[in-house]
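**Student:**
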Amino acid sequence: MLPLAFEGATKVVQAFLLSGKEYVCLMQLHEDMAEQRIRDAFAEFAGEIFQRPPLRASVKRTVRRRTIYSLDILEIDGRRVLFKVSCQAGTYVRKICSDLGEVLGCGAHMSELRRTRAGPFDEDRNLCSMYDLLNAYDHWKIGKGEEEFRAIVRPMEEAFEFIPKIYIRDSAVDAICHGADLAVPGVVKLDQGVATNASIVLMSLKAEVVALAKALMSTEQIVEQDHGIAAKTVRVIMPPGTYPPLWKKT
Amino acid sequence: MKRETVAKTEADTDEALGHNPYSRPMSLHIRFGIVNLDKPSGPSSHEVVAWVKRMLELKHAGHGGTLDA
C-alpha cells in the first residue's frame with residue numbers, strides 16, 4: 000500500500016515519513032535450515048539493531064541504529080520464511096533478510112515485500128486500487144455523483160486521527176497560516192494528553208487542519224493559563240487567506 | 000482510541016469561512032485529499048504518483064515515502 004496526498008495535502012504525508020512502518024516480507028534462505036535455528040536467529044533481531052544501508056540505498060551508507068518493534072514469523076515453508084516486521088522509519092527490510100542469512104550462515108535474500116502500515120495509514124482503512132480511484136473520478140466527471148470519489152479520497156484530516164489537537168478561534172487562524180505561534184487566548188478547546196514538546200495539530204472550530212505544531216505547554220497548563228505561547232507552529236497546511244486576518248497591523 | 004476534549008472557553012465559528020472537511024466542495028476536496036492506494040507491485044511509487052497526478056489533473060501529488068527495502 001502507498002499513501003498518496005494531493006496538492007495542498009502533500010505536506011501532510013511528509014509529516015508521516017518519519018513514523019513507524021509495518022511490512023510483510025517473504026525471505027528466501029539459500030540452504031535448508033532447521034526451523035528452531037531460524038526462530039532463534041529471528042529472536043536476535045527484535046529490539047535495537049545496527050544496520051548498514053544496502054548497496055543500492057537512498058541514504059548515506061553509514062551504520063545506523065534502528066528499532067525493530069516486533070518481528071514475527073508467520074510461516075516457514077522449506078527455505079521460504081514469511082514474516083511480519085514493525086520497525087522504525089528508515090529500516091531496510093532487504094538488509095534484515097541478508098543479515099539474517101549471515102547469522103544463520105546460509106545466506107538469504109528478500110524475495111517479496113509489502114507495506115501494511117505507514118504511520119496512520121494501514122491496509123484496513125479505505126484501501127483502493129488504481130482502477131477504483133480512476134473509475135470514481137470518471138463517474139464524478141460524467142455527472143454520476145461524488146459519493147464514490149469521496150469514499151475513496153478522504154479529507155487529509157483523517158491522517159491525524161491519533162494526534163492530540165488544539166482547536167483555535169476563527170480570529171487566530173490566519174495568523175497561524177502566516178506562521179505565527181499559538182498564544183493561549185487563541186485556544187477554544189483541546190484534547191487531553193497534549194504534552195510539552197509533543198507533536199500536535201492546530202485545528203479550526205470546523206475541524207479543519209490549520210497547521211502542525213509543537214506543544215510548549217500541557218493540556219492542564221493551557222487550561223489554567225491566561226497568556227503565553229501554547230504551541231510553536233511547525234508546518235502550515237491551510238492556505239493563508241482562508242480566514243480573514245484580524246491581528247493588528249503596525 | 001478516542002481522546003477526551005476539554006473546553007477552555009466558548010466561541011463560535013463563522014460558517015461563511017472555511018469548510019468542514021466532509022462538506023468541502025469537490026474542487027477543494029480533491030486538493031486536500033489523501034488516498035490509501037493498493038499499489039501494484041510492478042511500477043515504482045514515483046511512476047504511480049505521476050500517473051495518478053495526470054489522470055486526476057492535479058498540480059501536485061506526493062506519496063508516503065519509499066518502501067524501505
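From first to last, the protein sequence lines are chains F and R. Taking numbering that gives the first Met the number 0, the leading residue of the first sequence gets 0, the next gets one more, and so forth. Taking numbering that gives the first Met the number 0, the leading residue of the second sequence gets 0, the next gets one more, and so forth. Every residue, glycine too, gets a C-beta built ideally from N, C-alpha and C.
So the alpha helix (DSSP H) residue 96(F) belongs to, where does it begin and stop?
**Tutor:** Segment 92 to 103, the alpha helix (DSSP H) holding residue 96(F).
**Student:** Does any C-beta atom of chain F lie closer than 8 Å to the C-beta of residue 53(R)?
**Tutor:** It does not: the Cβ of residue 53(R) has no partner Cβ on chain F nearer than 8 Å.
**Student:** What are the uninterrupted segments assigned as alpha helix (DSSP H) that are 4 or more residues long and contained completely in the region 153 to 229 of chain F, given in chain order?
**Tutor:** Complete alpha helix (DSSP H) runs here, min 4: 169 to 176, 218 to 223.
**Student:** Measure the alpha-carbon distance for residue 79(F) versus residue 3(F) and round it to whole angstroms.
**Tutor:** Distance between the alpha carbons of residue 79(F) and residue 3(F): 32 Å.
**Student:** Nearest chain R C-beta to residue 139(F) closer than 8 Å, yes or no?
**Tutor:** Interface residue, yes.
**Student:** Taking only runs of the alpha helix (DSSP H) that begin and end inside the region 13 to 40 of chain R, which ones reach a length of at least 4 residues, in chain order?
**Tutor:** DSSP runs (the alpha helix (DSSP H)) wholly in the region 13 to 40 of chain R: 25 to 28.
**Student:** Hey, out of 140(F), 90(F), 76(F), 189(F), whose CA is closest to residue 9(R)'s CA?
**Tutor:** Minimum Cα distance to residue 9(R) is reached at 189(F).
**Student:** Note down, in chain order, every chain R residue with its Cβ under 9 Å from the Cβ of residue 190(F).
**Tutor:** Going along chain R in sequence order, the residues near residue 190(F) (Cβ under 9 Å) are 2, 3, 4, 5.
**Student:** From residue 43(R) to residue 62(R), what does the alpha carbon distance come to, in whole angstroms?
**Tutor:** Roughly 11 Å between the two C-alpha positions.
**Student:** Could you tell me whether the region 147 to 158 of chain F touches the region 23 to 38 of chain R, where touching means 3 or more Cβ pairs closer than 8 Å?
**Tutor:** Taking 8 Å as the limit for Cβ pairs, the verdict is that the region 23 to 38 of chain R does touch the region 147 to 158 of chain F.
**Student:** Hey, residue 81(F) and residue 70(F): beta-carbon distance below 8 Å or not?
**Tutor:** No. Outside cutoff.
**Student:** Just the C-alpha distance for residue 157(F) and residue 29(F), rounded to the nearest angstrom, thanks.
**Tutor:** In a straight line, the C-alpha of residue 157(F) is about 43 Å away from that of residue 29(F).
**Student:** Tell whether a beta-carbon distance below 8 Å holds between residue 162(F) and residue 201(F).
**Tutor:** Against a cut-off of 8 Å, the Cβ pair of residue 201(F) and residue 162(F) comes out as no contact.
**Student:** Examine chain R for any beta-carbon lying closer than 8 Å to the beta-carbon of residue 129(F), and answer yes or no.
**Tutor:** Yes, its Cβ sits closer than 8 Å to a Cβ of chain R.
**Student:** Does the region 88 to 104 of chain F touch the region 58 to 69 of chain F, meaning 3 or more C-beta pairs lie closer than 8 Å?
**Tutor:** The region 58 to 69 of chain F, when compared against the region 88 to 104 of chain F, does touch it at the 8 Å Cβ threshold.
**Student:** Taking all protein chains shown into account, do 16 or more other C-beta atoms lie within 10 angstroms of the C-beta of residue 60(R), making it buried, or fewer, making it exposed?
**Tutor:** Flag for residue 60(R) reads buried.
**Student:** Return the bridge partner residues of residue 23(F) from the DSSP annotation.
**Tutor:** Answer is 83(F), 113(F).
**Student:** Over what stretch of residues does the beta strand (DSSP E) that includes residue 40(F) continue unbroken?
**Tutor:** Element bounds for residue 40(F): not the beta strand (DSSP E) but the alpha helix (DSSP H), 34 to 43.
**Student:** Looking at chain R, is there any beta carbon in it that lies within less than 8 Å of the beta carbon of residue 145(F)?
**Tutor:** Yes - at least one Cβ of chain R is within 8 Å of the one on residue 145(F).
**Student:** Can you give the beta carbon distance from residue 173(F) to residue 239(F), rounded, assuming they're within the 8 Å contact cut?
**Tutor:** Between residue 239(F) and residue 173(F) the Cβ distance is about 6 Å, and since that is below 8 Å, they are a contact.
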